[in-house]
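Worksheet for the structure shown next.
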């Protein structure tokens, strides 16, 4: 009997994230949250998923040139896999620093670019893996373990 | 159709089912308008009649607004109810002041109410000002509350209890004005005047479906002390009559523009003096803001005023006046009476310390149940819902009786609807079955349908036919004909049988009246290869075979 946390989560749905679509910003993370809400996950879990999904989605919109978010579920785990074919993150350590941002002036005017995206994702997930290299896109795998 | 129901002191006439917004099946056409209008997806159409799922309904009244057949009703306490009490008190929403044009003042409205059988009339605008102060005070005492949400719109409270339970803690625990008014009237005014409690009834007057509570209302938020809610549409006619020839000898109005402004969305936000207030009106807009709130994207907000009705209460489903004209009247009244409230803030603080503004019950969360109590099963059900949704056309046509394809898929997986309810799925099933069992044509059937004589090889008549080939060159047939084909040719010699066997052809059809040679017929018998004969040429025969679908 595998412990609940090690149960391989089921694939549920793949969402498309459109590039530079600020008007639709956050729609995917809302859809992800509503899906999990319908299944019946707790409010606490939903809050963390919403933050991770939103920040990851915005990164794909602003920097990744569009991509996708896939949702995997098991009773004890929510896994978000967020991918894009964008320019990649040249220095991941730098990107994980709070306050560091490559947002354009236009983005900052909209309220983005606080440099808290990746740190927020890290803070709200239990396991985080980021695969990226310049010119080869970025893949982020975030897992939220349910207690 | 309706029946009198007693619920403690709350005597109301409620229609079928007990839910305060209800659909009259005799008038309902089963069109999709209310189905689509409902933001909570609380309506289903079954056997051509719409019905409301009470556990999903927040009583916003949007369905009531769009029904073209008058089949949807909002219940109201009938005005006649007032006469049953010796001490009936009117506590009308200040929105009422906006309903009678520029010339009628709030004071006149209050005086006219008194002529309708109410023993006392309370200026709720004044109480709304006190409420603004109490909410502001609560926010000042609780700086960690970011934001506090006004509880004035019961539909919003139900929406939060149903879909955003994580935000329940943000609802300001300050009694909404109508409940506060009723409480003060019963606990203070009635006692002061020496009224026996059983003779006292407080009637709120509002343009609001959400404030109507029915006996089967899953109680999300108590509305204690309020004995009835009379809609604007119910009271308007009599009130117009009462305004005629009114003598203005008394001043009942105490409120300023600060209270009058509660009629509009933004009126509360303007009166609650904290940094960063936000007002939002309209169901979908409220949902958008609550989503942002739940996602933590409105962190600096201190006070949220939300109304499901467009432009606030003056946009309610039971208003009489056009909402923009009502807004114009409200603005004029605000300018006339000024925005400075004359309430005594010290007194409000004292009342708060005396717990007069405190909620007596709490708010009961009423979330929709998870797909399954077992999380494993819930996930599998969600997968099944996703899979079914992917098969559906996504047209959101409503023919199945559900508002959209995803909801229909959920209903099916949860056993509340059948897949065949969707006309697309019904046809799809039929098409799938046809694809899996293609009809098989045999040589015998072709011979029968085209009237071809069987000259030899009758044993092979049940062979399946899968195409045709017309050629008189054997090497061409050897190179190009496909197995199972009908071979149309003028060649009658015995080698055609050999070719037919080698290429596993279904049958040989001799065209243009040719007959098989004797040895050909014998070989065909031996090999069981049918030889059919036709008087027609290859061209015509091929055409007829094509028409049969070969």
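Chains as they are written, first to last, in our numbering: chain A, 2 to 148; chain B, 1374 to 1923.
All residues carry an ideal CB built from backbone N, CA and C; glycine is no exception.
Tell me which residues share the same chain as residue i and place their Cβ nearer than 6 Å to its Cβ, disregarding the 5 neighbours each side in the sequence.
i, result
"residue 1583 of chain B", "1432, 1527, 1528"
"residue 141 of chain A", "57, 83, 131"
"residue 1525 of chain B", "1549"
"residue 97 of chain A", "119"
"residue 1537 of chain B", "1663, 1667"
"residue 1925 of chain B", "Given that chain B is displayed from residue 1374 to residue 1923, the structure contains no residue 1925 of chain B and the question cannot be resolved."
"residue 1631 of chain B", "1502, 1644, 1712, 1714"
"residue 1504 of chain B", "1550"
"residue 102 of chain A", "114, 116"
"residue 1795 of chain B", "1773"
"residue 1783 of chain B", "1758"
Residues in the same chain with beta-carbon distance under 8 Å from residue i, minus the five sequence neighbours each way, listed in chain order, please.
i, result
"residue 1508 of chain B", "1521, 1523, 1545, 1547, 1641, 1645, 1676"
"residue 1874 of chain B", "1900, 1902"
"residue 91 of chain A", "135"
"residue 1877 of chain B", "1856, 1857"
Which residues in the same chain have their Cβ closer than 7 Å to the Cβ of residue i, if we skip the five residues on either side of it in sequence?
i, result
"residue 1626 of chain B", "1479, 1480, 1483, 1496"
"residue 1643 of chain B", "1634"
"residue 1927 of chain B", "Summary: the structure shown does not reach residue 1927 of chain B, with chain B confined to residues 1374 through 1923, and so no result is reported for it."
"residue 1456 of chain B", "1490"
"residue 1461 of chain B", "1455, 1490, 1491, 1492, 1574, 1576"
"residue 1568 of chain B", "1460"
Along the chain, where does the alpha helix (DSSP H) containing residue i start, and where does it finish?
i, result
"residue 1779 of chain B", "1778 to 1786"
"residue 1708 of chain B", "1696 to 1710"
"residue 1493 of chain B", "No alpha helix (DSSP H) contains residue 1493 of chain B, which is instead part of the beta strand (DSSP E) from 1493 to 1496."
"residue 144 of chain A", "No alpha helix (DSSP H) holds residue 144 of chain A; the beta strand (DSSP E) holding it covers 139 to 146."
"residue 1823 of chain B", "1816 to 1823"
"residue 1436 of chain B", "1435 to 1439"
"residue 94 of chain A", "93 to 96"
"residue 1693 of chain B", "No alpha helix (DSSP H) contains residue 1693 of chain B, which DSSP labels as neither H nor E."
"residue 1529 of chain B", "1527 to 1536"
To the nearest whole angstrom, what separates the beta carbons of residue i and residue j, a pair I think is in contact under 8 Å?
i, j, result
"residue 1887 of chain B", "residue 1863 of chain B", "5 Å"
"residue 104 of chain A", "residue 63 of chain A", "7 Å"
"residue 1414 of chain B", "residue 1776 of chain B", "5 Å"
"residue 25 of chain A", "residue 87 of chain A", "Contact flag wrong, Cβ pair sits at about 18 Å."
"residue 46 of chain A", "residue 129 of chain A", "With 8 Å as the limit, residue 46 of chain A and residue 129 of chain A do not qualify as a contact, their Cβ atoms being about 16 Å apart."
"residue 126 of chain A", "residue 144 of chain A", "6 Å"
"residue 1463 of chain B", "residue 1486 of chain B", "5 Å"
"residue 1607 of chain B", "residue 1449 of chain B", "5 Å"
"residue 15 of chain A", "residue 69 of chain A", "6 Å"
Measuring alpha carbon to alpha carbon, tell me which of the options ends up nearest residue i.
i, options, result
"residue 22 of chain A", "A/129, A/66, A/144", "A/66"
"residue 1669 of chain B", "A/10, A/50, A/102, A/147", "A/50"
"residue 1696 of chain B", "B/1407, B/1705, B/1684, B/1748", "B/1684"
"residue 1830 of chain B", "B/1869, B/1789, B/1852", "B/1869"
"residue 1688 of chain B", "B/1658, B/1636, B/1603", "B/1636"
"residue 17 of chain A", "A/11, A/8, A/9, A/27", "A/27"
"residue 1629 of chain B", "B/1567, B/1623, B/1716, B/1673", "B/1716"
"residue 41 of chain A", "B/1690, B/1530, B/1752, B/1657", "B/1752"
"residue 1730 of chain B", "B/1795, B/1560, B/1617, B/1849", "B/1560"
"residue 1720 of chain B", "B/1686, B/1837, B/1541, B/1506", "B/1506"
"residue 1822 of chain B", "B/1486, B/1919, B/1690, B/1612", "B/1919"
"residue 1736 of chain B", "B/1417, B/1419, B/1541", "B/1541"
"residue 1519 of chain B", "B/1500, B/1833, B/1539, B/1532", "B/1539"
"residue 1585 of chain B", "B/1571, B/1602, B/1570, B/1710", "B/1602"
"residue 1872 of chain B", "B/1879, B/1896, B/1847, B/1459", "B/1847"
"residue 48 of chain A", "A/30, A/89, A/9, A/93", "A/30"
"residue 121 of chain A", "A/61, A/78, A/54, A/20", "A/54"
"residue 1742 of chain B", "B/1705, B/1787, B/1781", "B/1787"
With residue i as the anchor, note down where its beta strand (DSSP E) starts and where it stops.
i, result
"residue 1860 of chain B", "1859 to 1862"
"residue 1576 of chain B", "1573 to 1579"
"residue 1469 of chain B", "Residue 1469 of chain B -> no beta strand (DSSP E), and no H or E assigned at all."
"residue 1960 of chain B", "Only positions 1374 to 1923 of chain B appear in the structure, and residue 1960 of chain B is not among them; the question remains open."
"residue 83 of chain A", "78 to 85"
"residue 12 of chain A", "11 to 18"
Is there at least one non-hydrogen atom of the ligand GDP closer than 8 Å to the beta-carbon of residue i?
i, result
"residue 1602 of chain B", "This structure lacks the ligand GDP; in fact it carries no ligand of any kind."
### Task
Examine the Cβ distances between the stretch 1550 to 1559 of chain B and the stretch 1596 to 1603 of chain B and report whether three or more of them are shorter than 8 Å.
yes
### Query
Which residues, in chain order, does the stretch 1747 to 1771 of chain B contribute to contact with chain E at a C-beta distance below 7 Å?
Absence of chain E from the displayed structure is noted, the protein chains being A and B.
### Task
For the stretch 1757 to 1771 of chain B and the stretch 1572 to 1580 of chain B, state whether three or more C-beta atom pairs, one from each stretch, are separated by less than 8 Å.
no
### Task
Pair every Cβ in the stretch 1468 to 1475 of chain B with every Cβ in the stretch 1411 to 1428 of chain B, then say whether three or more of these pairs are closer than 8 Å.
no
### Query
Given 8 Å as the limit, is there contact between the stretch 1879 to 1898 of chain B and the stretch 1907 to 1914 of chain B, that is, 3 or more CB pairs closer than that?
yes
### Message
Could you check whether the stretch 1398 to 1415 of chain B touches the stretch 1430 to 1446 of chain B, counting it as contact only if at least three pairs of C-beta atoms, one from each stretch, sit closer than 8 Å?
### Response
Because the criterion of three Cβ pairs below 8 Å is met, the stretch 1398 to 1415 of chain B and the stretch 1430 to 1446 of chain B touch.
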